[in-house]
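Residue numbers (the working numbering), protein chains in the order written: chain A, 15 to 291; chain B, 15 to 291.
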DNA sequence: CGAATCTTTGAACTGAGTCAATTAAAGTGG
DNA sequence: CCACTTTAATTGACTCAGTTCAAAGATTCG
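See the structure below:
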């Protein structure tokens, strides 16, 4: 119960930007720890105790940075609605996108190591997060095992995400990377009960490009190529997967894997010719 | 205390490979939770209680796989001595290296999400790990807050590592990636009290290449280039950083970051000419 | 000492980065 | 509500860094 009480009353010191009354800023709602457990993928851990633990929600306007890089960890956040990109900025000011977060994903976990966030979280659209004040969260998790499990679960899931992102990048060709990205995105949408076919990308091509470590023009070209092959249809940021099986077949070919002798690696090229009418 | 007792007596069912008496297999030693806390970077949390919690250590022979992909989570492991590579294998059998673990790093954390490991851990040399049986660990962490903090800390650190790995890959040129890799490796060695200048790489060029998402020949060439520029000296897997400042200056140039108008990106090329005598 | 693996180097080809220019979309302000 | 600005997206042309293929040393290990 401490969690919700401490937040609204005496928060303000750190965030600084705090304009109550505006559509974009705090504008707080509430939910329970049970909601959080359900959204995070642990519905079976919701209980009377977690029902009794109220939590605050916070609105985050599009483009707004919820978590700043190098900021000390004040809280972790669970995405209730909307979406975010997680980024790292290097010395030269290049913004590297580490991944995207949607409903049920936790933000800020990488700060648990040294209590400083090593990546930022920026809202891609008007979004809502559940605020989990960090020190209080740790304290509570000692008393409420479900909360502890939540943290572990979320950390594990986040690590898997990052592993998967690296898998996307490991693909040889840009076309394969984009194909994998779309399939992964569809997969995640499905897990949230959305359509597996019709995707609405909330991020720019540039963000996707950064995440896949290619130039943004290349993402554009890859999408065009996939359209030409009949895998997908694209209208701005709306992507429809018209031929999932074909798209699946493109996410092969990994580069640098001349294992043994017999490696049929002409897939991409072959498919291209086969389908250019 | 349950931790150590459960492990040796009634483990055996899953690992299957179990040949007591051989140099390579279990051959167990012991340590305390305090040791683990210290090694993991949380010395301040060591206490009388953690002193009283004995844990088993296990030897892992070079090349041996400690954690298998898709295996259900039996335990987490802390690297006490030696080193590991963490890998993911895709459908085509291509082994993608996600990162390397040395003394103080935790293995198996990404399994906390769904209790199945999503990456494997393979010893690069004869190594020793502390075994932290998972269900027992969770149980104990409810009673011993320090253990809980350990898990959170380790998860945070691991996430940072993966973020850093992506930073390595985000570099435009292979030379930059390798430079960053060496500097990062030196950094980690330093944190463990080893020399910051003299590195002994335990992994093959191929492993490094996989981790950096380039061909192994390219790693070779990049190293040769760095030697030619006087940054480093290389003898097999021993690398000496002869000019840290120069090496630092090479880890710039990020690609895809044509921010604003004035972006001086000729660094790599310029430096090459300037130093080819 | 030979087999296997790792590492380096060479040569040729190509995918993707870069630059550039056009079009489309989304804000902005009068 | 419409001109105006700004940002996003697409497409083309050119170039080159890095992959691929090949082959020769070096190192490790049985």
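C-beta atoms are modelled at their ideal positions from N, C-alpha and C, and glycine is treated no differently.
Around the C-beta of residue i, are 16 or more other C-beta atoms found within 10 angstroms, so that it is buried, or is it exposed?
| i | result |
| --- | --- |
| residue 82 of chain A | exposed |
| residue 162 of chain A | buried |
| residue 263 of chain A | exposed |
| residue 245 of chain A | buried |
| residue 225 of chain A | buried |
| residue 201 of chain A | exposed |
| residue 212 of chain A | exposed |
| residue 133 of chain B | buried |
| residue 249 of chain A | exposed |
| residue 209 of chain A | exposed |
| residue 223 of chain A | buried |
| residue 2 of chain B | Any question about residue 2 of chain B goes unanswered here, given that chain B covers just 15 to 291. |
| residue 259 of chain A | exposed |
| residue 207 of chain B | exposed |
| residue 107 of chain A | exposed |
Going along the chain, which residues of its own chain have a beta-carbon closer than 7 Å to the beta-carbon of residue i, five neighbours each way excluded?
| i | result |
| --- | --- |
| residue 99 of chain A | 111, 114, 136, 138, 217, 221 |
| residue 214 of chain A | 251, 252 |
| residue 254 of chain A | 211, 212, 246, 247 |
| residue 95 of chain B | 117, 141, 142 |
| residue 183 of chain A | 191, 226, 227 |
| residue 84 of chain A | 130, 131 |
| residue 101 of chain B | 109, 110, 111, 112, 133, 134, 136 |
Tell me, please, whether the CB atom of residue i is closer than 8 Å to any CB atom in chain B?
| i | result |
| --- | --- |
| residue 45 of chain A | no |
| residue 86 of chain A | no |
| residue 199 of chain A | no |
| residue 222 of chain A | no |
| residue 156 of chain A | yes |
| residue 180 of chain A | yes |
| residue 183 of chain A | yes |
Just list the residues that DSSP pairs residue i with in beta bridges.
| i | result |
| --- | --- |
| residue 140 of chain B | Per DSSP, none; premise fails for residue 140 of chain B. |
| residue 94 of chain A | According to DSSP, which records beta bridges pairwise, residue 94 of chain A is partnered with nothing at all. |
| residue 203 of chain A | Its beta-bridge partners do not exist; DSSP assigns none. |
| residue 89 of chain B | B:147 |
| residue 101 of chain A | A:111, A:134 |
| residue 120 of chain B | B:92 |
| residue 238 of chain A | In the DSSP output, where bridge partners are listed per residue, residue 238 of chain A has none listed. |
| residue 43 of chain B | B:71 |
Verify the CB distance criterion: does residue i have a CB-CB separation below 8 Å to chain A?
| i | result |
| --- | --- |
| residue 262 of chain B | no |
| residue 187 of chain B | no |
| residue 176 of chain B | yes |
| residue 202 of chain B | no |
| residue 266 of chain B | yes |
In its own chain, which residues sit with a C-beta less than 8 Å from the C-beta of residue i, not counting the 5 before and 5 after it?
| i | result |
| --- | --- |
| residue 52 of chain B | 60 |
| residue 160 of chain B | 47, 51, 56, 59, 60, 61, 63, 64 |
| residue 104 of chain A | 110 |
| residue 167 of chain A | 54, 55, 56 |
| residue 181 of chain A | 194 |
Residues in its own chain within less than 6 Å of residue i by CB, not counting five upstream and five downstream?
| i | result |
| --- | --- |
| residue 151 of chain B | none |
| residue 76 of chain B | 137, 139, 140 |
| residue 43 of chain A | 71 |
| residue 189 of chain A | 236, 239 |
| residue 199 of chain A | 213 |
| residue 203 of chain A | none |
| residue 119 of chain B | 93 |
| residue 89 of chain A | 145, 146, 147, 148 |
The segment 49 to 77 of chain A: positions lying closer than 7 Å to chain B by Cβ | Flagged: no residues at all.
Residues of the segment 160 to 173 of chain A whose Cβ lies closer than 9 Å to any Cβ of chain B, in chain order = Cβ contacts with chain B come from 162, 163, 165, 166, 167, 168, 169, 170, 171, 172, 173.
Could you list the residues in the segment 238 to 256 of chain A with a C-beta less than 8 Å from some C-beta on chain B, going in chain order?
-> Cβ contacts with chain B: none found.
Interface positions of the segment 98 to 118 of chain A facing chain B (Cβ-Cβ less than 8 Å), listed along the chain = Close to chain B, meaning a Cβ-Cβ distance shorter than 8 Å, are the following residues of the segment 98 to 118 of chain A: 102, 104, 105, 106, 107, 108, 109, 110, 112.
Where the segment 118 to 137 of chain A meets chain B: residues whose CB sits under 9 Å from a CB there = So the list reads 123, 124, 125, 126, 127, 128, 129, 132, 133, given in the order they occur along the chain.
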